[in-house]
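Shown next, in structure tokens, is the structure this report addresses.
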């Protein structure tokens, strides 16, 4: 999203670039885990969450629980 007022820019005879206001994204996904294998056979776990849907403390606790659960599988 462009924050500052910018003048239109002409890029040739038929193309004009103008600023566009985009509303903040909305999504039903408040939490997402991604796991990536490492060369040594372990996994790198990444967790993304919406701050308006989950506190950081809750996210940290959940990530620790997921880490514990994965260790019991391995």
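Residue numbers (this note's numbering): 21 to 94. No residue lacks a Cβ here, since even glycine has one placed at the ideal position from N, Cα and C. Just so it is clear, the structure is predicted and the values come from calculations on it, not from any experiment.
Between residue 37 and residue 29, the gap from beta carbon to beta carbon is short of 8 Å. Between the alpha carbons of residue 83 and residue 72 lies a distance of about 17 Å. DSSP places residue 52 in no alpha helix (DSSP H) but in the uninterrupted beta strand (DSSP E) bounded by 51 to 57.
Annotated three-state conformation of residue 86 is helix, per DSSP. In the structure shown, residue 92 falls within a helical segment according to DSSP collapsed to helix, strand and coil.
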